[in-house]
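Protein chains in written order, with our numbering: chain A, -7 to 225; chain B, 7 to 308; chain C, 9 to 372; chain D, 31 to 286; chain E, 169 to 498.
We treat Cβ as the ideally placed atom computed from N, Cα and C, and that holds for glycine.
Every value quoted in this text rests on a predicted model; they were computed, and no experiment measured them.
First the structure, in the form of structure tokens, and then the observations on it.
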Amino acid sequence: MLRLNQVHAGYHSSEVLHGIDVELQQGEVVTLLGRNGMGKSTTINCIIGLLPIRSGSIEFDGIELQRLESYRIARLGIGLVPEQRHVFPNLTVTENLLVAAANYANSDNPWNLQRIYALFPRLADRKQHAGNQLSGGEQQMLAIARALMINPRLLILDEATEGLAPLICEEIWQVVHQLKQQGQSILIVDKNLHTLLQIADRYYLMEKGQVVGHGPAQQLATDQQLQTRYLGV
Amino acid sequence: MLLFIEQVLNGLQLGFMLFLLSAGLTLVFGVMNLINLAHGSFYMVGAYVAATVMLATGSFTLALLLALLSAALCGLLVEIIVLRHLYQRDHLDQVLATFGLILFFNETTRMIWGRQPLFMDVPEAFAGSVEILPGVPYPLYRLLIIGIGLLVAGGLYLLISHTRLGMRIRAGASNRSMVAALGVNIRWLYSLVFALGALLAGFAGVMAAPVFAVESGMGESILILTFVVIVIGGIGSVKGALLGALLVGLVDTLGRAFLPDLLQWLFATPTANSIAASLASMAIYLLMAVILAFKPRGLFPA
Amino acid sequence: AVKIGMVTTLTTKAGYLGEDIRDGFNLAIEQGGGKLGGIEVELMVEDDGRKPGKGREIAERYIKSDKVKIMTGIVFSNVAMAVVPKVVKDDVFYISPNAGPSALAGKRCHQNYFNAAWQNDNLHEVMGKYVSDAGFKSAYILAPNYPAGKDALAGFKRFYTGNIAGEVYTKLGQSDYAAELANLRAAKPDAVFFFLPGGMGINFLKQYAQAGLNDSIPVFGPAFSFDARLLKAVGDAAVGVINGSQWNHDLDNPANQTFVAAFQQKYGRMPTLYASQGYDTANLIGSALQATGGKPENMTAFRAALQKAEFDSVRGNFRFGNNHHPVQDIYVREVVKDASGIYNKTVQKVFTNHADAYAAECKL
Amino acid sequence: MSEIVLHTDKLCKSYAGLRANHNLDLQLLRGEIHALIGPNGAGKSTAIAQLSGELAPSSGRIFFNERDMTSLPVHKRARMGIARSFQVSSVFDEMTILQNLALAVQAHHGHSFRFWSNINRHRSFNQQAHALAEQFGLEQLQDVLAGELGHGEKRQLEVAMTLAGDPQVLLLDEPMAGIGPGGSKNLTRLLDGLRGRYSILLVEHDMDAVFSLADRISVLVYGEIIATGSVQEIRDNPAVQQAYLGESEESAHAQA
Amino acid sequence: MFELNRKTIILSIALLALVLLPPLSIALDESYVISSMSRVLIFAMAAISLDLIVGYGAMISFGHAAFVGLGAYTAAILGFHFHEDIAMFSFPFEFSGSNQLLISLLLAMLVAAVVAAITGMICLRTHGIHFIMITLAFAQMLYYLFISLDYYGGEDGLVMLARNELPWVDLADDSQFYYLCLLFLVAYLVLSLRLVNSQFGRVVRGCKINEQRMQALGFNTYWYRLVAYVIAATGAALAGALLANKTEFVDPGLFSWHLSGELLVMVILGGMGSIYGAVIGAIVYLLLEQIFAAYTEHWMFFLGPVLILVVIRARHGIYGLLQKWWTANV
Ligand SMILES: Nc1ncnc2c1ncn2[C@@H]1O[C@H](COP(=O)(O)OP(=O)(O)OP(=O)(O)O)[C@@H](O)[C@H]1O
Ligand SMILES: Nc1ncnc2c1ncn2[C@@H]1O[C@H](COP(=O)(O)OP(=O)(O)OP(=O)(O)O)[C@@H](O)[C@H]1O
Ligand SMILES: [Mg+2]
Ligand SMILES: [Mg+2]
């Protein structure tokens, strides 16, 4: 479904990604792992078109993404929960949810306000509050909910559980799990290694802008040595 | 007393005129968060085109249509050629670029229409006056401006606060790339909205043309005033802009109308006249300073 | 060729004033076949943008780099105040085609400074005289709150004997006059006199008419708001207004007839009084050039020649007073409308050989 | 019995009808690490903002070393020794890491109305800044602009800056957020090393860190403290489990 | 080190050119250049002072010209009273103006500082666009005030009968006046560079980037910003007083938002937050205006698009371009 082929990219004069290869099949949950600053978010920015790549290619369902503008990429059905949330501060919760709502996956049971509010009752309480009046965790919920509202075919979660209370984290993981079972493809970056490796099908390990290992998630879960070496745990 | 009521009315009317001018700016500056000094230029384009067409054909409807069209077109071109590159930039870069646009537009109108002011008459249908208070005839055209001001305010409010388009514009103002990453063609959207802003400015120009002088540079002095209005009201809010406009209109009018008489209690007539005149000139700036001193984000911050 | 430096206002809203001065001046040169008074001249024109500092800059360049001995062109008093004293001190002649601030006519007059148009107050004085002569018992008067505005109303009052129903100073650059008009209506004067140059005047007149006031209270003003180009922009609202001017296109003298016809032919529009002043200034300079054989360096002779003012003014009767300001006839005109459009018709001569009020203060 | 450094008395904050903090009585003892936990939107950041002075309380009072400082502005509190970190990284993007830290150091060295000498050559500031960078493992990046840092690195800088002024009290708002698992461990170790030297109020959702660091824990729910106690007491508190911790991690995974 | 050299070389060449300008232009018989370059240098000073707050403090003032105006009027009014020998005030001592340059400059700075401190206290409560507008408001008030100050000429302005005096220097001589301006500019430039790189400068820059964080670190940002604002105002007043001496004339136009806008344009054009940029911006803007104006009366038609082009092409103004150039070629 998604294939990154020898992607090079960077900011200003420095190159951050030095030839990344990542693949994700329809219905798969894939995770990118690596220490801070290794290029996970940069990879994601390249996929969604927020950062132009310098060479290589990115394909989604056979369509080359690297020349498309972000909005076109999103319309192909990629939903993003960005690092640092980026909820719209001047829009209310409801508006944040509706602003881009769509059904790109042509789902029969698309996400709508009702379902979202059932999922995050906390947001339902805050419906009329502006984005910048929410607590950090509430913003995080909103960012996830907002991405769901476009009913993406591929959902990208970049540190989606950052700042969430354990209880909510659990709920989020359950949602991810549910989505997975419904056949949703997911690309996920998170620091909750333990849970992550249980949900993900496959992993990619990144180090200094390169992929230094990949395989089935189960395998990494048991490979303490690899974890220590590349993740410091 | 009658005079006082009449002056209050005048103040409100000036307020509506100012609002009409501010409407487009509310959209472009308040909501899209783009500092466009050339906004006054679209106002000027609207007025010039309307005056020219009216002079040539005598039809107000045609003049209005063509003026709106050309203002919007100018806006679209300006957005595509210049401003599109500057959304991500510092506000100040926008200031410099749009300052350049002002120079360009002013000189271009001068080259096309010459240096002298143009004439535009009040459309036949609204030429007369109505007696709104006993003994006080009020120009029908000014009533029309009030009506249109209200309509535009309502329309703009609905557009910004209650449509998806409005949400997207606001979202884009705070984080452009995130809106794009959610599948919205923000670039095209902003071009359109900018054109709409220009159209509103042009509309204000058409409405102002029969009342004010149509001349090159007419947009600049007005521009400052409209910025004042929006800032007093609170940036990004239509309600704020409307109230700000009415407040400015009232303060300005009442200041001009009654300060000289008030000051005569304190000073001899010539001094009073002179002081009153300078105070009246400063009134709206005083108003703005006072409001911002106590409410640093304006009356109704969005 | 003798160089003449023109500093004038071509940009800003008032750009058309400078344009007309320049065009009038150029017309005279063209009529002389590139010569004024038989002497070849080269006219340099630059825009001061209505900024005194910039005007000064240009003047300095003319003097230092181009070695100009004759300068002209300034439209606005504040620019003139910045430029003229400096220029004349540097032994350069300055002949004003428009601005005539009182300071330069009185205490600070200078032997090298001549004004070929008027002293600022003249056109207001004539209205004061006319309005009282016509029997209007009370007048409501308005002007912007700046020195020229105050001078204007002072000039009007100098010759107006009736009662002042109201004296109002408006904001410079004001566009809405609803408040003033309401007060004015309430004051019930017999007549209104206003001095609101440029766009301000257009706005005032339009709104005056729209408020239905011009049926009840007649309006008077100086020529500045009623020149041929502004009339086009004001439209019907100006019809019937009486205004004071030292010149009109229908003044009956041969020089004027030639000028008006030639100007219309060359530029395709009616000349304004500014154009007439530019034209007169050029011919005045021409007369002095002729008398001195094209040698303005010969300052005493050139000055004497200027002072004689031996040229055919389009105003007819024209000479200089002791302070180098015109002593001239001043008329009132009425704005009329007929098949050929809106224009000014001379009504009557109000002042004959009128000099300004400051001449006595001048020690020349 | 250790003394109280910072405490609040019936602290309340409401936003247009919403009670973000209600009658908060919070006590921070000298040298302890006191964790403040609670569901999202419980009012933790609000509490920190009131303690640091950014938000004026609706009612109630705040004492620092027995001194009422409810109405002191932010900068005065900071200079008295109350340092805070922000939940969303809030560093000087256009300055290098070293400059960021040096500026933080500078804040506590008298006034800065010094107009002449070049700050980049200021030895003592730079030395202290460098030492901080080292402490947080940022020394390699010290000449990189903060705006070009990855998210996690920024978080580290964020925390490092709070230590610069040698404060008495640290108010840390989710310092671990965004730091990877390895990094969290390091930071936990680091904070552990600070124990005793500073009094730390720690807001954090990373329960591993909280349980291993905290001397005491207060639990905030809907703006009110529902429990305060030792790690074990809180872990075993059914109300806390229900409102915040949820079922134990194992069962969650089993469900997944 | 090589980068630095390249930069140093260019700067030295520029300085040398400025120093040699008067003899050269006299030799070429274009002596008016001296006087018009004096004006450019003076505006460069004003632009630097604006850059101090705009580029380093994020205080975008749309009323900076007001301080230029105050400085200019101070000098002119002092001169007016001196030449007319009318007392300005007679309590506690009688003072009837002065024509000493140093006194003019000092008083100009003082007046501006006082006004800046008072208005600044109010202005600095606001941020961003509100700050832009409130500074504009105060400047407009001063503008209308001076327009109606009949005693000092109102809108007609006030003529200075002669330039101020300075021991050993003949200010009436254009070249000497030019060198004085150059000296002031260079001194002011050096001062400003020191300032922005000082402890104080870094605090102000910190306030620009993240004021909330600055407070949390323990800085009383309000005072630092206010002091920066006052310092900038005195710089503008200094330029104003020199300008009054240069033109020997002042008028309320000096307070107008047009001039404030033009100063901003110079700063942005040159490249904000670089001090040198302000100088470059002033020189380029004023020269472009002059050059275009010399060729066509429709100069705005050409100047406008040039400005636009620079904004779109150069991210950090002309200085940014230069910087790119002298770092790229290493
Ligand atoms: N806007 C930027 N400008 C310049 N460099 C950047 C920018 N954003 C990130 N970088 C650099 O790119 C590198 C990779 O950053 P990235 O955000 O992709 O890391 P990450 O793996 O997502 O880390 P984290 O776990 O901290 O989020 C970092 O070292 C950082 O220095
Ligand atoms: N400016 C504001 N206006 C209105 N409500 C606000 C404002 N700021 C915060 N709130 C509300 O106050 C409540 C407490 O917010 P706070 O940020 O303190 O939560 P928190 O405990 O830090 O949560 P989290 O763990 O998610 O960061 C939230 O429900 C939030 O929506
Ligand atoms: Mg990341
Ligand atoms: Mg929080």
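Which residues in the same chain have their Cβ closer than 7 angstroms to the Cβ of residue i, if we skip the five residues on either side of it in sequence?
i, result
"SER281 (chain D)", "Note that SER281 (chain D) scores 38 on pLDDT, short of 50, meaning its location in the model is unreliable; the coordinates nonetheless yield the value given after this. Excluding positions up to five away in sequence, the list is empty."
"ASP87 (chain D)", "Checking the sequence shown, residue 87 (chain D) turns out to be Pro, not Asp. So the list reads LEU41, CYS42, LYS43, GLN80, THR100, once near-sequence residues are dropped."
"LEU109 (chain B)", "none"
"PRO103 (chain D)", "GLY83"
"ILE290 (chain B)", "VAL234, VAL254, VAL257, ASP258"
"ALA215 (chain B)", "ALA53, ALA56, ALA57, MET126"
State yes or no: is the beta carbon of residue i nearer than 7 angstroms to at least one beta carbon in chain B?
i, result
"ILE40 (chain A)", "yes"
"ARG145 (chain A)", "no"
"GLN218 (chain C)", "yes"
"THR20 (chain C)", "yes"
Apart from the five residues just before and just after residue i, which ones in its own chain have a Cβ nearer than 6 angstroms to its Cβ?
i, result
"GLN308 (chain E)", "none"
"THR232 (chain B)", "LEU27, SER28, LEU31"
Tell me, please, which residues DSSP counts as bridged to residue i.
i, result
"LEU(-6) (chain A)", "A:LEU16, A:PHE52"
"GLN336 (chain C)", "C:PHE326, C:HIS362"
"HIS206 (chain A)", "A:TYR196"
Would you mind stating whether residue i and residue j have Cβ atoms separated by less than 7 angstroms?
i, j, result
"PRO123 (chain B)", "ALA219 (chain B)", "yes"
"ASP393 (chain C)", "ASN325 (chain C)", "No statement about residue 393 (chain C) is possible, as the shown extent of chain C runs from 9 to 372 and does not include it."
"ALA231 (chain C)", "LEU239 (chain C)", "no"
"PHE369 (chain C)", "VAL355 (chain C)", "The sequence shown places Glu at residue 369 (chain C), not Phe. Not closer than 7 angstroms, so no."
"ARG60 (chain D)", "GLU96 (chain D)", "no"
"SER206 (chain E)", "CYS375 (chain E)", "no"
"VAL87 (chain C)", "PRO60 (chain C)", "yes"
7 angstroms is my cut-off, CB to CB: does residue i come that close to chain A?
i, result
"ALA247 (chain B)", "no"
"ASN148 (chain D)", "no"
Taking CB distances under 7 angstroms as the criterion, tell me whether residue i reaches chain E.
i, result
"ASP258 (chain B)", "no"
"LEU133 (chain D)", "yes"
"PRO266 (chain B)", "no"
"GLY102 (chain B)", "The sequence shown places Leu at residue 102 (chain B), rather than the Gly named in the question. So yes, LEU102 (chain B) belongs to the interface."
Would you please verify whether the beta carbon of residue i is less than 7 angstroms from any beta carbon of chain C?
i, result
"PHE218 (chain B)", "yes"
"ILE253 (chain E)", "First, the residue type needs correcting, since residue 253 (chain E) is Asp and not Ile in the sequence shown. Not one chain C Cβ lies under 7 angstroms of ASP253 (chain E)."
Does any C-beta atom of chain D lie closer than 7 angstroms to the C-beta of residue i?
i, result
"LEU490 (chain E)", "no"
"ALA384 (chain E)", "yes"
Report whether the distance from the Cβ of residue i to the nearest heavy atom of ligand 6 is below 6 angstroms.
i, result
"TYR320 (chain E)", "Ligand 6 is not part of this structure, which contains only ligand 1, ligand 2, ligand 3 and ligand 4."
Between residue i and the rest of its own chain, which residues show a CB-CB distance below 8 angstroms, the 5 nearest in sequence each way excluded?
i, result
"HIS121 (chain A)", "THR84, VAL85"
Inset, instruction - Taking 8 angstroms as the threshold, find out whether the region 436 to 443 of chain E comes into contact with the region 471 to 488 of chain E through three or more Cβ pairs. - result: yes
Inset, instruction - Inspect the CB distances between the region 268 to 281 of chain E and the region 329 to 348 of chain E and report whether three or more fall short of 8 angstroms. - result: yes
Inset, instruction - Could you say if the region 104 to 120 of chain D and the region 145 to 158 of chain D meet the contact criterion of at least three C-beta pairs nearer than 8 angstroms? - result: no
Inset, instruction - Would you be able to state if there are at least three C-beta pairs under 8 angstroms between the region 95 to 102 of chain C and the region 112 to 129 of chain C? - result: With a cut-off of 8 angstroms on Cβ pairs, the region 112 to 129 of chain C is in contact with the region 95 to 102 of chain C, counting three or more such pairs.
Legend entry - Meets three-Cβ-pair contact criterion under 8 angstroms: the region 43 to 58 of chain A and the region 196 to 208 of chain B: Here the region 43 to 58 of chain A makes no contact with the region 196 to 208 of chain B; the two share fewer than three CB pairs at distances below 8 angstroms.
Legend entry - Touch test, the region 14 to 22 of chain B against the region 83 to 103 of chain B, Cβ-Cβ under 8 angstroms, three pairs minimum: no
Legend entry - Validate contact between the region 402 to 409 of chain E and the region 123 to 131 of chain D using beta carbons, cut 8 angstroms, 3 pairs: no
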